[in-house]
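I have placed the structure first, in the form of structure tokens, so that the comments after it can refer back to it.
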Ligand SMILES: NC(=O)c1ccc[n+]([C@@H]2O[C@H](COP(=O)([O-])OP(=O)(O)OC[C@H]3O[C@@H](n4cnc5c(N)ncnc54)[C@H](O)[C@@H]3O)[C@@H](O)[C@H]2O)c1
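This is the structure we're talking about:
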């Protein structure tokens, strides 16, 4: 049995609920020792709800002698400051997406983590879920031959959403950064690094408040950056993928992630979830939904809460904790997080300049071992899926 990794969560908003529930109950490698946030009242409430012993300030967490790993669940525009503080204090860090809101900040943090010999893991960790790991296995075992092309699409009314989720009004809140990153992360986990990008884009409109109550703010605003991006990504493996992120439409999400190969077509489910169905299409054959080859399918076997649709978020933290103990690279590594950001920023840059952009960072993500499922013994044997995170 590995020694547990003493962990603190920073940021006690919406997404902290599923992280705290999962980190507290699901992964035997994690000792969830403390929570902290800008608001002490919010941290105290989460500590009570999820049974966490210590409430600390962010500075106390940085200065603590026993906390090894900090999970950063603050808004994207706060990530750089929190991650840098924790790395300088000698802590390993897991951060929600996106790593930072600029590529320069992300590069600086990657260099800092390397210099200090610390782990920096980055969401989305949905790429470690049953859906995307099954899709990866289908590709790795040659079920669709060589991937020649693909399509990735997501749409939302991001301006309306930013009324409810105030952090979406800041840097990193546009649809490509906030949600498109799940599609980029999924493509990277399936196809590897991107070689070149060409794109067109459009900004969000100025948003007049529509909700009667949310956040009480009646002054119009505009989400920064491009809220619509249409791009072609050329992957180093040779695949050409058309990407469309449209945040200037309605909240009737038409997510699509399809890869076309020389022998077959793979339709991959929602990469923002852990259980997106994976459908295989061959010529002249009925479509076939593949059985999941991996665990972490998002089905929560613990006491139900209102946040269970967020699935197995936190699995990347646990995988990184095992990597720390084993001294091996973690899968959702800092180079993956940097490459996600470089691709998003590259799409925006290409749209603005009309030029091809070539990301410079590279990363490697090994698949998880197959054959370990979440619901072993009807859901009571949670150690089964956790076994896949160890090596
Ligand atoms: N809301 C979602 O559906 C969702 C889903 C997946 C991922 N995420 C990601 O999770 C992160 C947090 O999202 P959220 O929805 O929980 O946001 P939120 O606004 O609900 O909560 C953010 C929390 O961070 C705290 N905070 C802000 N700046 C801080 C700082 N400098 N130091 C300490 N605490 C600070 C706030 O007080 C708040 O408790 C973001 O990166 C977001 O992209 C959100």
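Numbering (the working numbering), first residue to last: 8 to 398.
Note that beta-carbon positions come from the ideal geometry of N, C-alpha and C, so glycine has one too.
Classification of residue 38 by the beta-carbon crowding that lies within 10 angstroms, buried from 16 upward: Residue burial is scored here from C-beta neighbours: residue 38 has at least 16 other C-beta atoms within 10 angstroms and is therefore classed as buried.
Tell me, please, which residues DSSP counts as bridged to residue 156. BP columns for residue 156 point to 247 and 267.
Go ahead and pull the three-state DSSP assignment for residue 316. In the three-state reduction of the DSSP assignment, residue 316 falls in the helix class.
I'd like the list of long-range same chain contacts for residue 82, defined as Cβ closer than 7 angstroms, with 5 residues on each side in sequence excluded. Spatial neighbours of residue 82 in its own chain (CB-CB distance under 7 angstroms, excluding positions within 5 residues in sequence) are listed in chain order as 174 and 177.
If you pair each beta-carbon of the region 190 to 202 with each one of the region 224 to 242, do three or more pairs fall below 8 angstroms? Touching, per the Cβ criterion.
CB of residue 123 within 8 angstroms of CB of residue 94, strictly: When the beta-carbon positions are compared, residue 123 and residue 94 come within less than 8 angstroms of each other.
Please list, in chain order, all residues of the same chain as residue 349 whose beta carbon is under 6 angstroms from its beta carbon, the five residues on each side excluded. Apart from sequence neighbours up to five positions away, the residues of its chain that approach residue 349 with a beta-carbon distance below 6 angstroms are 110, 366 and 368, ordered along the chain.
Compute the beta-carbon to beta-carbon distance between residue 399 and residue 252, rounded to the nearest angstrom, for a pair I have assumed lies under 8 angstroms. With the chain running from 8 to 398 in the structure shown, residue 399 is simply not present.
Please confirm whether any heavy atom of ligand 3 lies closer than 7 angstroms to the CB of residue 51. By its list of ligands, the structure shown excludes ligand 3, since it contains just ligand 1.
Please determine whether the Cβ atom of residue 22 lies at a distance below 7 angstroms from any heavy atom of ligand 1. Residue 22 Cβ: within cutoff of ligand 1.
Does chain C have any CB closer than 8 angstroms to the CB of residue 114? Absent from the structure: chain C. Only one protein chain is present.
Rounded straight-line distance, which links the Cα of residue 171 to that of residue 373: Approximately 37 angstroms, taken between the alpha carbons.
Looking at C-beta atoms only, is the number of pairs between the region 177 to 186 and the region 281 to 292 that lie closer than 8 angstroms three or more? In short, these stretches do not touch, since the Cβ pair count stays below three.
Which of helix, strand or coil does DSSP assign to residue 104? Three-state DSSP puts residue 104 in coil, outside helix and strand.
Where do the ends of the alpha helix (DSSP H) carrying residue 241 lie? Looking at the DSSP string, residue 241 is not in any alpha helix (DSSP H); the run it does join, the beta strand (DSSP E), is 233 to 242.
Nearest residue (CA-CA) to residue 231, options 246, 254 and 288: Of 246, 254 and 288, the residue nearest in Cα terms is 254.
Classify residue 202 as helix, strand or coil using the three-state DSSP reduction. When secondary structure is reduced to three states using DSSP, residue 202 falls in the strand class.
Residue 272 - partner residues in DSSP beta bridges: DSSP lists 267 and 288 as partners of residue 272.
On the criterion of 16 or more Cβ atoms from any shown chain inside 10 Å, does residue 289 qualify as buried, or is it exposed? Counting every other CB atom within 10 Å of its CB across the protein chains shown gives residue 289 a total below 16, marking it as exposed.
Is it a yes or a no for the region 84 to 104 touching the region 124 to 131, going by three-plus beta-carbon pairs under 8 angstroms? In short, these stretches touch, since the Cβ pair count reaches three.
Can you give the beta carbon distance from residue 33 to residue 53, rounded, assuming they're within the 8 angstroms contact cut? Contact doesn't hold; Cβ gap of about 17 angstroms is too wide.
Alpha carbons only, please: which of 162, 304, 333 and 311 is nearest the one belonging to residue 320? The residue with the shortest Cα to Cα distance from residue 320 is 304.
Should the region 149 to 160 be called in touch with the region 100 to 118, which here means at least 3 C-beta pairs below 8 angstroms? No: the two stretches stay apart, fewer than three of their Cβ pairs being nearer than 8 angstroms.
Note the first and the last residue of the continuous beta strand (DSSP E) segment covering residue 148. No beta strand (DSSP E) contains residue 148, which DSSP labels as neither H nor E.
Length of the line joining the Cα atoms of residue 394 and residue 379: Going by C-alpha positions, residue 394 is about 7 angstroms away from residue 379.
Residue 262 in three-state terms, based on DSSP: In this structure, residue 262 counts as coil in the three-state DSSP scheme.
Is the beta carbon of residue 297 less than 8 angstroms from the beta carbon of residue 145? Yes, these two residues count as a Cβ contact at 8 angstroms.
I need the straight-line Cα distance from residue 9 to residue 329, nearest angstrom please. When rounded, the distance between both Cα atoms is 8 angstroms.
Could you say which of 64, 50 and 65 lies nearest to residue 58 if we only look at CA atoms? Among 64, 50 and 65, the Cα nearest to that of residue 58 is on 50.
Quick check: does the Cβ of residue 281 come within less than 7 angstroms of any heavy atom belonging to ligand 1? For residue 281, the shortest C-beta to heavy atom distance toward ligand 1 is 7 angstroms or greater.
Could you check if residue 362 is buried or exposed, using at least 16 other CB atoms within 10 Å of its CB as the buried criterion? With fewer than 16 other CB atoms across the displayed protein chains lying within 10 angstroms of its CB, residue 362 is exposed.
Burial state of residue 354 (16 or more Cβ within 10 Å): With at least 16 other beta carbons inside 10 angstroms of its own, residue 354 counts as buried.
So, are the CB atoms of residue 190 and residue 278 less than 8 angstroms apart? Yes.
Boundaries (first-last residue) of the beta strand (DSSP E) holding residue 15: 12 to 17 is the extent of the beta strand (DSSP E) around residue 15.
On the three-state DSSP scale, how would you describe residue 391? It is helical.
So is the beta-carbon of residue 55 under 7 angstroms away from any non-hydrogen atom of ligand 1? No; taking the cut-off as 7 angstroms, the Cβ of residue 55 has no heavy atom of ligand 1 nearer than that.
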